[in-house]
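See below for the structure under consideration.
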Amino acid sequence: MKKFFAAICAAGLIVTGCGGEKISAPAEVQQSQVFATITDDADRTVTLAQKPTRIVVTSAGFLEPLNAVGATVVGRPDSKNQMPDWARDLPSVGHVYQIDTERLLACAPDLVIVNKGMNEKLLPILDENKIPALVVELKTYDDVKRGLKTFAAVSGNVDAAQSLIQQMDADIQAVVDRVPKNPLRVAILHSTAQGLTVQLDGSIAGSIVQMFGWQNVASGMTPLEKNPDAAPYSMETLAEQNPEIIFVTSMGDVDELRTNMNAAIAENDAWQTIGAVKDNRLYFLPQDLFLLSPGLRYPDAVKTMAQLIYPDVR
152 MKKFFAAICA AGLIVTGCGG EKISAPAEVQ QSQVFATITD DADRTVTLAQ KPTRIVVTSA
212 GFLEPLNAVG ATVVGRPDSK NQMPDWARDL PSVGHVYQID TERLLACAPD LVIVNKGMNE
272 KLLPILDENK IPALVVELKT YDDVKRGLKT FAAVSGNVDA AQSLIQQMDA DIQAVVDRVP
332 KNPLRVAILH STAQGLTVQL DGSIAGSIVQ MFGWQNVASG MTPLEKNPDA APYSMETLAE
392 QNPEIIFVTS MGDVDELRTN MNAAIAENDA WQTIGAVKDN RLYFLPQDLF LLSPGLRYPD
452 AVKTMAQLIY PDVR
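Heads up: take any position in the sequence shown, counting from 1, add 151, and you land on the numbering used here.
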């Protein structure tokens, strides 16, 4: 089966290359006798012989940015939070944490866009089947802007990416300008059924905290071995840091996680020593904006966080 799809993909790549205008992108996109040569977020150089017309993604967060620059997607993962209406009927390649390779290959892709830090194990299989792949990370806002330019290189629509970035920059700056310049001390916890971790500056919420000039009390903590954007949670450390604000990101049933956290706070007196808890300034952030990348909705994520602290910000 794999050899069959390899033949399909190889046949699709045997075309005469064509020249074109040089693509300007932070992903170091160039054009010569092929459609595009792209350096992805894993520092891999990927050559596309022709414009991809059958793209499969392993993150639903890639869908809207790709669609916005005119790329054609034919397969996507399951997602509860980030599935645009136009993509609901596309073939599923399984859950983002466990992509089904047989279903992916059945889509006959001519490009697979892989979520960095999660799906790189697919690369040898794709290479074996002669299917080009790009490793992309869309977490911080800088990631999103870089990713948009990479996607525009894939679609050949650089102007669309530049226009989107300019609009998002303006929308975000408008919110930041309306937030008081008060260097709040903030903690960001990530709650799952397995427990709590602390989010660092490279997380979605952490990067937005930096936009406002607030201080993430976890900055500089040693990250987890398998997650560079998170650190181990310690009640003692959190109490010592004594944040003024606590934001909570979550994965799983939000109501259940909220109930469990409220119970933990009520049962442990150490929580009551923390300023954010005493002042009732602990806020759960919405999963659709803060669990996976908000993508083109980054301005909404920035505004959401701002309004939790300063409700009058519009």
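Positions of the beta carbon are idealized from the N, C-alpha and C atoms, including for glycine. Since the model is a prediction, treat every value here as computed from it, not as a measurement.
Residue range of the unbroken alpha helix (DSSP H) whose run includes residue i
i      : result
Val405 : 405-418
Ile323 : 309-329
Ser306 : 292-306
Leu375 : Note, Leu375: premise wrong, no alpha helix (DSSP H); not H, not E.
Val349 : No alpha helix (DSSP H) holds Val349; the beta strand (DSSP E) holding it covers 346-350.
Leu440 : 438-441
Ala427 : 426-429
Ala390 : 386-392
Best match in the options for proximity to residue i [C-alpha to C-alpha]
i      : options                        : result
Ala238 : Pro216, Ala257, Lys332, Gly371 : Pro216
Ala356 : Val244, Val224, Leu459         : Leu459
Leu447 : Leu214, Leu351, Pro242, Thr209 : Leu214
Asn308 : Arg432, Phe186, Ala457         : Phe186
Thr369 : Thr198, Gln345, Pro394, Gly226 : Correcting the residue type first, residue 369 is Ala in the shown sequence and not Thr. For Ala369, the nearest C-alpha among the options comes from Pro394.
Asp192 : Pro334, Ile397, Met269, Ala338 : Met269
Bounding residues of the beta strand (DSSP E) (the contiguous stretch that carries residue i)
i      : result
Ile499 : Residue 499 is absent from the structure shown; the chain starts at 152 and stops at 465.
Phe435 : 433-435
Leu459 : Run containing Leu459: none in the beta strand (DSSP E); it sits in the alpha helix (DSSP H), 449-460.
Ser358 : Note, Ser358: premise wrong, no beta strand (DSSP E); alpha helix (DSSP H) at 355-362.
Thr196 : 196-199
Ala187 : 187-190
Integer Cβ distance of residue i from residue j, believed to fall under 8 angstroms
i      : j      : result
Tyr292 : Tyr461 : So it is not a contact: roughly 20 angstroms between Cβ atoms.
Ser385 : Leu289 : Not confirmed; about 30 angstroms, so no contact.
Thr348 : Ala381 : 4 angstroms
Ala284 : Val265 : 5 angstroms
Ile339 : Thr400 : 7 angstroms
Pro260 : Ile206 : 6 angstroms
Thr252 : Leu273 : 7 angstroms
Residue i, buried or exposed, once every other Cβ within 10 Å from all chains shown has been counted against 16
i      : result
Gly364 : exposed
Asp294 : buried
Lys454 : buried
Gln392 : buried
Glu279 : exposed
Ile174 : The predicted model places Ile174 with a pLDDT of 40, which falls under 50 and marks its position as unreliable, so this point remains unresolved.
Lys231 : exposed
Thr373 : exposed
Pro235 : exposed
Asp328 : exposed
Ser314 : exposed
Ile424 : According to the sequence provided, residue 424 is Thr. The question's Ile does not apply to it. Counting Cβ neighbours within 10 Å, Thr424 comes out exposed, since fewer than 16 surround it.
His246 : exposed
Lys332 : exposed
Asp430 : exposed
Thr301 : buried
Runs of beta strand (DSSP E) lying entirely within the segment 216-274, each at least 3 residues, in chain order: Under the rule that a run must span 3 or more residues, the beta strand (DSSP E) segments found entirely inside the segment 216-274 read 224-229, 243-246, 262-266.
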